[in-house]
Amino acid sequence: MYVQLREMILSFELYPGIRVTETELAEYFGVSRTPVREALQRLEQDAYLIIRPKQGCFIRQLDIAELGQYYEIRQDLEALSLRFACENMPDRNLRELGKAWDPEIQPGRSDEPGEMVAREESFHVALAEGGGNAVLANYLKDINSHIRVVRRLDFTSGERIDRTYAEHHDLVQCLLRRDLPAAQTLMREHIAQSESFAKSLTLHQLAQRRNSSFGQL
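Here the sequence shown stands for residues 1 to 217, where the numbers follow the UniProt record's numbering.
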């Protein structure tokens, strides 16, 4: 139930700001209210929604200003992650990571936005973990969880996916040369493009999604 509801939030079937109740969700899924209540409590803990006593549950609104702040922090954390990776990540591991993002091959290529987001996040976490700092990797995972809801919109075109493969591959090549300044420059550009692209798509596509939200079925 948790996974199903989270997917509905991430795909904007449950539109930001709408109100849902245990009763209507239980009827929608054909289950009792107990698993729905448990799922909603987990979703509130993970910051996907807000539960207001006697009012219901409200899907969390998108705060563009807050979103920008997460991207600002991500810029600095990713730069630090690259420093550790440049110093500590073995060539063998970097070559494997580069191969996984070879734009000529695109192994594991998926046009499903959710799968692409998960794959892209794993790239950044792999660099952080490869640098040997588990705390940094966990911080990046936390930031990813807060921006994931809009980043799915970032991978709705083949062109965007192709560019991501090329950018990741080039970044790994910089690390293999132990060229930290070049790697950090590429990372800053990559994140800045992602932020700008996600924001522009959010305003456009959320409006398109409104009529298909759960609350208006």
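Just so you know, even glycine gets a beta-carbon here, dropped at the ideal spot from N, CA and C. From a predicted model like this one, the values you see are computed outputs, not experimental measurements.
Counted within 10 angstroms of its Cβ, other Cβ atoms place residue i as buried (16 or more) or exposed
i	result
GLU195	buried
GLY130	buried
VAL150	buried
ASP162	exposed
ARG74	buried
VAL117	buried
ILE9	buried
ALA65	exposed
SER213	In this prediction, SER213 has a pLDDT of 49, which is less than 50 and means its spatial position is unreliable; what the coordinates show is noted afterwards. So SER213 counts as buried.
ALA100	buried
ARG119	buried
ALA47	exposed
VAL36	buried
ALA126	buried
ARG95	exposed
VAL31	exposed
ASP63	exposed
Own chain residues within Cβ distance below 7 Å of residue i, not counting five before or after
i	result
ALA166	PRO103
CYS174	ALA182, ALA183, LEU186
GLY56	ARG19, VAL20, THR21
GLN216	The pLDDT assigned to GLN216 is 47, lower than 50, so where the model puts this residue is not dependable, and the model offers no usable value.
ARG33	GLU22, THR23, ALA26
GLN106	TYR165
Cut-off 6 Å between Cβ atoms - residues of its own chain near residue i, not counting five sequence neighbours on either side
i	result
TYR2	ALA39, ARG42
ALA128	SER81, LEU136, ALA137, LEU140
TYR70	ILE143, HIS146, ILE147
ARG178	CYS86
LYS199	none
Bridge-paired residues (DSSP) for residue i
i	result
VAL20	CYS57
LEU49	ILE59
Whole-angstrom C-beta distance between residue j and residue i, which should lie under 8 Å
i	j	result
ILE59	PRO16	5 Å
THR164	PRO113	With a Cβ gap of about 12 Å, THR164 and PRO113 do not count as contacting.
PHE123	HIS169	That belief does not hold up - the Cβ atoms of PHE123 and HIS169 are roughly 10 Å apart, past 8 Å.
ASP91	LEU176	6 Å
ARG83	LEU171	With 8 Å as the limit, ARG83 and LEU171 do not qualify as a contact, their Cβ atoms being about 13 Å apart.
heavy atom of the ligand ZN below 7 Å from residue i C-beta
i	result
ILE51	Among the components modelled here there is no ligand, and therefore nothing to report on the ligand ZN.
Neighbourhood of residue i by C-beta distance below 8 Å, restricted to the same chain and skipping five residues each side
i	result
ILE191	TYR71, ARG74, GLN75, GLU78
ARG152	LEU10, SER11, PRO113, GLY114, VAL117
PHE197	ASP154, ARG160
PHE29	MET1, GLN4, VAL36
(request) Kindly provide the ranges of any beta strand (DSSP E) runs that are 3 or more residues long and lie completely inside the segment 62-146, ordered along the chain. (result) Secondary structure within the segment 62-146: not one fully enclosed beta strand (DSSP E) run of 3 or more consecutive residues is present.
**Prompt:** What are the start and end residues of each continuous alpha helix (DSSP H) run of 4 or more residues lying completely inside the segment 144-169, in chain order?
**Reply:** Within the segment 144-169, no complete alpha helix (DSSP H) run reaches 4 residues.
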